[in-house]
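Here's the structure we're looking at; comments come further down.
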Amino acid sequence: MKLNESFYQGNNVVKIAKELLGKGLFTKINNKTLGGMIVETEAYSHVEKGCHAYQKKKTIRNEVMFKHGGHAYVYVCYGIHNLFNVVTNEEDEADAVLIRALEPVKGIEWMKKNSNTSNEKRITSGPGKLTKALGIDRSHNADLLWSEHIWLEDLGIIIPKRQIVSSPRIGIDYAGEDALLPWRFSIKGNVWVSK
DNA sequence: TAGAGGATTGAT
DNA sequence: TCAATCCTCTAC
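If you read the first sequence in the working numbering, its first letter stands for residue 779, the second for the next number, and so on.
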């Protein structure tokens, strides 16, 4: 069952980042369904410096973060990688969750092809890699997450609290003290979590 | 309008 | 540890 609009529109992005663990992320490309279970996320909010929309500063790139929860925010990082985020909260509240790793579920052979590797462990264990495997690029930016081409699904899996590990987010040293916030979440012991 | 740099990755 | 690589953002 696809996650509905209300799931995304809560005002606590950290809570939603944790709830997204165990949910499914899927795309439909060339009539093939690709995707997996989310095992690693990071929360970003306009109140802290790690966020593109810090202090609610709207730019061409982050415009989608200001839409209501349930939109996809896809942007290019380091000129090479597409990174996929789930926009949360109400309109103009500019919060989002970065999806960092998946456990492959559907279309694994096709995802290997997209990733140009035969090593299953390497196709979705990182934010830049999973977008390549699922065929997500900037054409998906601003798409709604209950559309036909890209969507999130409730897999009926509950991740108990004790199975959720939190740690500081990756690659945002420029955020100063906010880089220390333990807003990265992953499933304890899951082998698909990024390195 | 030019210059710096980034929510990463894989090879050295 | 370092290069790849392309916008976006900022300052002139």
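Think of the CB as a built atom: it goes at the ideal place given N, C-alpha and C, for glycine as much as any other residue.
Every value quoted in this text rests on a predicted model; they were computed, and no experiment measured them.
| Query | Result |
| --- | --- |
| Sequence-distant residues of its chain with Cβ nearer than 6 Å to Lys793 (five each side left out) | none |
| C-beta contact flag for Lys834 and Ala872 at 8 Å | yes |
| Buried or exposed (CB count within 10 angstroms, at least 16 for buried), Leu958 | exposed |
| C-alpha gap between Tyr851 and Arg916, whole angstroms | 8 Å |
| Cα-Cα separation, Pro960 to Ser944 | 6 Å |
| Pairwise C-alpha distance: Asn894 and Glu841 | 32 Å |
| Secondary structure of Val817, DSSP reduced to three states | strand |
| Given Ile936 as reference, the closest of Lys801, Asn790, Ser784, Phe785 once Cα atoms are compared | Lys801 |
| Contact check, Val979 vs Trp970, beta carbons under 8 Å | Past the boundaries of the shown model lies residue 979; the chain is included only from 779 to 973, so the question cannot be answered. |
| Sequence-distant residues of the same chain with beta carbon closer than 6 Å to Met843, five excluded per side | Ala831, Tyr851, Val865, Ala872, Ala874 |
| Residue nearest to Lys806 in terms of C-alpha spacing, selected from Trp888, Arg900, Glu820, Tyr786 | Trp888 |
| First through last residue of the beta strand (DSSP E) which encompasses Ser945 | 942–945 |
| Nearest residue (CA-CA) to Asn897, options Ile886, Asn782, Ser784 | Ile886 |
| Strand pairing of Ile928, partner residues [DSSP] | Thr805 |
| Chain-order list of residues whose beta-carbon lies under 7 Å from that of Val883 (same chain, five-residue window excluded) | Gly802, Gly813, Gly814, Met815 |
| Buried or exposed by the 16-neighbour rule on C-beta atoms within 10 Å, applied to Ile858 | exposed |
| Under 8 Å between C-beta atoms of Leu799 and Ile965 | yes |
| Whether Glu931 touches Lys780 by CB criterion (8 Å) | yes |
| Residue from Leu880, Ile901, Glu881 with nearest C-alpha to Lys890 | Ile901 |
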